[in-house]
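Each residue of the sequence shown is one higher than the one before, starting from 1 at the first, in our numbering. Positions of the beta carbon are idealized from the N, C-alpha and C atoms, including for glycine. Notes follow the structure.
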Amino acid sequence: MFGGIAVPREVVVIIGSPHKGRTLEIVNKLEQSLKEIDNISFEYVFLRDVDLKQCRGCGVCLERGEEFCPLKDDRTDIFMKMMHADGVIFATPVYSLQVTALLKNLLDRLAYVFHRPCFFHKTFMPVVTQGVYGAEGVLKYLDEVAHFWGFKTCPGLGLTVAWDKPLPSEQQKNEREINEAARRFYNSLTNQADPVPSIKDVLIFRSVRAIHSLAAGLSRDHRYYKEQGWLEADYYYPTKLAWYKKIVGRWAEKQALKQALQTQKEKNLQLAGTKLS
């Protein structure tokens with residue numbers, strides 16, 4: 001509530017299809033179903049219509065920071081829309097058992113978020129359409145990407161869409177699944193609780209944190225972890241970890257520190273040898 005007025009939750013939809021066809025139609029129905037539940041604001045980003053240059057794979061965003069990317073286009077605007085939203089939906093048809101090239105390019109341009117996750121406390125859901133096969137794999141892929149980026153991930157919506165007019169039974173099935181997905185997304189959107197990290201989550205966090213505590217990784221990542229207070233934290237956000245997760249976390253950190261120190265030692269010896277020669 002703001003001044004007695006309910007502020008609508010904001011959802012940004014990234015459309016990865018090069019067409020405004022079946023995938024968009026599904027998302028429009030999802031939007032309608034959500035708006036029947038509550039006051040939800042939707043904003044669409046059509047990747048086919050934005051200026052998003054092809055990722056060069058130069059690694060500058062990883063090593064120095066995303067602000068040093070040599071490509072000047074709409075990437076930052078898209079990123080900020082996602083940052084300001086309460087929920088994010090990626091929608092794509094299946095192309096060759098993967099997301100479209102348009103969406104994959106966006107993921108590549110945002111690769112630095114894997115190193116410096118920032119979408120905590122926001123809900124993510126993928127919407128994937130298929131002709132016959134492939135949606136399950138793409139849903140799993142996008143869910144994993146979003147999880148690494150910090151999102152609260154919601155089980156996605158994968159639908160088979162007919163090339164021609166769908167049968168009444170097919171249409172009813174899809175509409176039922178759209179309504180169920182809308183309810184799942186809304187429940188996650190309105191749930192203030194953060195996900196309880198799995199053992200794998202704790203392993204990854206503590207291992208990466210250990211490397212950054214020595215400043216043995218990329219300097220930009222080290223600075224980010226320090227700014228976020230993660231070098232002293234148990235996890236990305238305050239959460240109660242079970243005792244066995246704490247033990248596993250400490251073990252992972254010890255192993256990562258040992259490996260990082262060994263690598264650092266070998267690099268120092270190599271550098272010393274180069275200078276002597």
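{"Query": "Would you say G131 touches the ligand ZN, meaning its beta carbon is less than 7 Å from a heavy atom?", "Result": "By its list of ligands, the structure shown contains no ligand whatsoever, and the ligand ZN lies outside what it can speak to."}
{"Query": "When burial is assigned at 16 or more other CB atoms within 10 Å of the CB, is P238 buried or exposed?", "Result": "exposed"}
{"Query": "Cβ of V145 within 8 Å of Cβ of V94?", "Result": "no"}
{"Query": "Applying the criterion that 16 or more other CB atoms from any shown protein chain within 10 Å of the CB defines a buried residue, is M125 buried or exposed?", "Result": "buried"}
{"Query": "Alpha helix (DSSP H) containing G137: first to last residue?", "Result": "135-149"}
{"Query": "Run the CB neighbour count on I247, radius 10 Å, all protein chains shown included, and call it buried at 16 or more, exposed below.", "Result": "exposed"}
{"Query": "Name the DSSP bridge partner or partners of Y224?", "Result": "For Y224, which the question treats as bridged, DSSP gives no partner whatsoever."}
{"Query": "What span of residues does the alpha helix (DSSP H) with R183 cover, start to end?", "Result": "168-190"}
{"Query": "Using DSSP with H/G/I as helix, E/B as strand and the rest coil, what is T263?", "Result": "helix"}
{"Query": "Considering only the beta carbon of each residue, do L139 and G150 sit closer than 8 Å?", "Result": "no"}
{"Query": "Between K152 and Q262, what straight-line distance do the alpha-carbon atoms span, to the nearest angstrom?", "Result": "36 Å"}
{"Query": "Measuring CA to CA, which of V45, L52, R220, H19 is closest to L71?", "Result": "L52"}
{"Query": "Take the Cβ of Q130 as the centre, count every other Cβ of all protein chains shown within 10 Å, and call the residue buried at 16 or more, exposed below.", "Result": "buried"}
{"Query": "For S188, which residues from the same chain have a beta carbon less than 7 Å from its beta carbon, with the 5 sequence-adjacent residues on both sides left out?", "Result": "T123, K152, C154"}
{"Query": "Under 8 Å, with one C-beta from each stretch per pair, do the region 40-51 and the region 111-121 reach the 3-pair mark?", "Result": "no"}
{"Query": "Leaving aside the five residues before and after G3 along the sequence, list all residues of the same chain whose C-beta is less than 7 Å from its C-beta, in chain order.", "Result": "Residue confidence is low: G3 scores 48 on pLDDT, short of 50, so the model does not pin down where it sits. No coordinate-derived value is stated."}
{"Query": "Give me, in chain order, the residues of the same chain whose beta-carbon lies closer than 6 Å to that of D194; leave out the 5 immediate sequence neighbours on both sides.", "Result": "Y237"}
{"Query": "Look up S207 in the DSSP assignment and say whether it is helix, strand or coil.", "Result": "helix"}
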